[in-house]
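Some notes on the structure that comes next.
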Amino acid sequence: MVYWEKRFEELSDLVATTPDLEREMFLKALELLKDCFKMTFSTEAEREKHVQGRFEIVMRWLYSMDEDFVIRLQQKQALPLILLGHFSVLVQTLEHFWFIQGWSEHLLNGLFNVLDPQYAHWLEWPSQQIKRHESIDHGVLSVHKMIA
């Protein structure tokens, strides 16, 4: 179980510090990401409705991005990169698909390489979630298991 709600409160506080002209765009991206987390991991109050690893839910965030948000990602601005880092936690839930295996860690490592070091602490939570989940053997048939 991923307890994500407190982390999203912290992200909301971070978005609140952005300039007015960009804040609405970042709030929309955060809310869309939050919806994907809620549909994937549920909430603490609604644990029985837990759904994990549905491709159409996880990828919804990518397909819903505003063009201006994508431009800021391409410019390697900190906040969009931080949100993308949190998206990697969702990607990790899809690693039961052989063609997604390893992508959450690959994405996060790439973000650590391009994100200004003063913001790197914002990627610690997603990194911890991915490492915690990787330490659990789910018995999923992986490419590595097939060729080992």
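Each residue of the sequence shown is one higher than the one before, counting from 33 in our numbering. Note that CB positions come from ideal geometry on N, CA and C, so glycine has one too. Since we're looking at a predicted model, the values are computed, not measured.
- Ranked by Cα distance from residue 73, the options 136, 124, 142 are led by 124.
- With respect to the 9 Å criterion, residue 115 and residue 62 are classified as neighbours on the basis of their beta carbons.
- Around the beta-carbon of residue 164, fewer than 16 other beta-carbon atoms lie within 10 Å, marking it exposed.
- Rounded to whole angstroms, the Cβ separation of residue 158 and residue 121 is 5 Å, and the two are in contact under 8 Å.
- Taking C-beta separations shorter than 8 Å and ignoring five residues to either side along the sequence, the partners of residue 113 in its chain run 105, 143, 146, 147, 151, following chain order.
- Judged by their CB atoms, residue 126 and residue 47 are not nearer to each other than the 9 Å cut-off.
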